[in-house]
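Just below is one structure, and these are the notes that go with it.
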Amino acid sequence: MTYPVWFHNLYMTGLKLAARYLPITKPTMFIGHGAVSQLCHSVGLMGCRRVLVVTDSGMVELGFAAQLQTKLESYGVDSTLFADVVPDPTYTEAQRGHMRYQQQQCDAVVALGGGSPMDCAKVIAALATNKRSVKQLSGLLKVRQPPAPLFVIPTTAGTGFEVTVAAVVSNPQSHQKTPLMDPKLMPLVAALDPDLMMGLPAHITAQTGIDALTHAIEAYLSRNATPETDRHALAAFRLITDNLESAVKVGSNRAVRLNMSLAAYYAGLAFTKASLGYVHAIAHTLGSQYQIPHGLANALALPHVMQFSKSHAAAKMKALAVAGGVASEQSTPESAAQALIDYIHQLCAAIGLPHYLEEIQEEDIAAMVAQALKEAYWNYPVPKLMSPEDCQSIFRLLMRQ
2 MTYPVWFHNL YMTGLKLAAR YLPITKPTMF IGHGAVSQLC HSVGLMGCRR
52 VLVVTDSGMV ELGFAAQLQT KLESYGVDST LFADVVPDPT YTEAQRGHMR
102 YQQQQCDAVV ALGGGSPMDC AKVIAALATN KRSVKQLSGL LKVRQPPAPL
152 FVIPTTAGTG FEVTVAAVVS NPQSHQKTPL MDPKLMPLVA ALDPDLMMGL
202 PAHITAQTGI DALTHAIEAY LSRNATPETD RHALAAFRLI TDNLESAVKV
252 GSNRAVRLNM SLAAYYAGLA FTKASLGYVH AIAHTLGSQY QIPHGLANAL
302 ALPHVMQFSK SHAAAKMKAL AVAGGVASEQ STPESAAQAL IDYIHQLCAA
352 IGLPHYLEEI QEEDIAAMVA QALKEAYWNY PVPKLMSPED CQSIFRLLMR
402 Q
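Numbering (our numbering), first residue to last: 2 to 402.
Dropping the structure here:
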């Protein structure tokens, strides 16, 4: 189905006005060595007495979950563990977590991990206070009651979910990712502690770093960008271009890890108000179809979507290129934009991310195109709308010939 351009533009203008006037608060932030202890102290100070710790098996195996529970206990807070979160969680995991929350009579949620535990924790917190299903909460402004108090401890530098109003879970029947978007999903408190990221494997550092980079670029190129979101996006972009390769290759550098955490944070601030674009629409489709990591899907799509958008976004791409040191002020917008796209290709190769996805099948493309275009049309103020043929060509570029 081809959607009318005029209605998309009108609808996105409405979203921009809504983003300007909706009461989007920022969480209390603890940043640096010892931030987790400060967060645990704040849980106790806020009167929470039994929290649900939402995490995954990796955090349990590394001992981080047990350490968190011990710290919570030292501040008089009991906890119960929900470690059933899987990559790209579905309604099922969120519903199980909600059942655990109710059974243990919890009064708050603490998320520990990467994007998947963050997504799941936000949905669990919303389910705790809203007598609605996950499906009923999905979409824009569907969370009627304030969620349970939510505290987040990201262990990857990618999602920026500590400062976003969104959560994404998959429908287990259709396998499509469905977002929940509501200012009430903003966490109360977040801790950015580089110590939790020191042992992060290189491939996860690379994938999550590209996720943060995509957030920054798409927010900056958004038609709903503002001077404030541009400042945050540029700050994130500079931090990533200065630190991502080092974080992948020398993961034990605490300063580099902290800089990447700050980059994800600033990128999150940017896209919360400016939104995202076709890279995320395509990445969500690839992730739900082939169960690949979200950051990897972003890395595959990012340079191709930028190439498509260049004709309508060259001036802003030049600003990014100059900020990243890959073009000069004297460059033309077109040459600077191309230099930026070439840099993204080179960066992905340098940190070990592929340019192709073996799993893509020709017979899957039509359905994936329809899904990606629908998501983008209703959610993202992109600089240039794609036709079905434009989108098909990008999916085919991702296939190894």
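Glycine is no exception: its CB is placed at the ideal position from the N, C-alpha and C atoms.
Just so we're clear, the structure is a prediction, and the values are computed from it rather than from any experiment.
If you measure between the beta carbons of Thr-209 and Gly-252, is that distance less than 8 Å? no
Pull up the distance between the alpha-carbon of Gln-347 and that of His-42, whole angstroms please. 43 Å
Bridge partners for Leu-386 per DSSP, in chain order? None; Leu-386 has no bridge partner.
DSSP three-state label for Val-78, please. coil
Specify whether the stretch 58-65 and the stretch 94-102 touch according to this definition: at least 3 beta carbon pairs, one from each stretch, less than 8 Å apart. Output reads no: the stretch 94-102 does not touch the stretch 58-65.
N- and C-terminal bounds of the beta strand (DSSP E) containing Arg-255: Where Arg-255 is concerned, there is no enclosing beta strand (DSSP E), although the alpha helix (DSSP H) it sits in stretches over 255-275.
Pull up the DSSP beta-bridge partners for Ala-112, would you. Beta-bridge pairing links Ala-112 to Val-55, Val-153.
Quick check: the Cα distance between Gly-326 and Ser-171, rounded to an integer number of angstroms? 38 Å
Straight-line gap, Leu-40 to Met-47 (C-alpha atoms, nearest Å): Their backbone Cα atoms lie some 11 Å apart in a straight line.
Spatial neighbours of Val-78 in its chain, beta-carbon cut-off 8 Å, leaving aside the 5 residues before and after: Cys-41, Val-44, Gly-45, Cys-49, Arg-50, Arg-51, Val-52, listed in sequence order.
Per-residue DSSP class, three states only, for Gly-326: coil
How long is the line joining the alpha carbons of Pro-188 and Thr-156, rounded to whole angstroms? 16 Å
Does the separation of the CB atoms of Ala-256 and Ala-237 fall below 8 Å? The answer is no: Cβ separation not under 8 Å.
DSSP three-state assignment for Ser-310, whether helix, strand or coil: Here Ser-310 sits in helix by DSSP.
Between Gly-116 and Gly-159, how many whole angstroms is the CB-CB distance? I'm expecting something under 8 Å. 6 Å
Kindly give me the distance between the Cβ atoms of Ala-167 and Thr-230, rounded to whole angstroms, as I take these residues to be in contact under 8 Å. Their Cβ separation, rounded to whole angstroms, is 15 Å, which puts Ala-167 and Thr-230 out of contact at 8 Å.
Using CA atoms only, rank isn't needed, just tell me which of Leu-73, Asp-120, Phe-162 is closest to Lys-27. Phe-162
Proximity below 8 Å, CB of Ala-350 to CB of Ala-337: Result no, Cβ atoms of Ala-350 and Ala-337 do not sit closer than 8 Å.
Would you kindly report the start and end of the unbroken beta strand (DSSP E) that includes Ser-171? 167-171
Assigned secondary structure, Val-6 (DSSP; H/G/I helix, E/B strand, else coil): helix
In whole angstroms, give me the CA-to-CA distance for Thr-179 and Ser-139. 6 Å
So Val-135 is in the alpha helix (DSSP H); what residue range does that whole segment cover? 135-138
Endpoints, beta strand (DSSP E) assigned at Lys-178: 178-182
Is the Cβ-Cβ distance between Thr-215 and Val-280 less than 8 Å? yes
Where Met-198 and Met-261 are concerned, what is the direct C-alpha to C-alpha distance, given to the nearest angstrom? 10 Å
Helix, strand or coil for Ala-226 per DSSP? coil
Which residues does DSSP pair with Thr-91 in a beta bridge? Ser-171
Rounded C-beta distance between Pro-195 and Arg-258? I'm assuming under 8 Å. 4 Å
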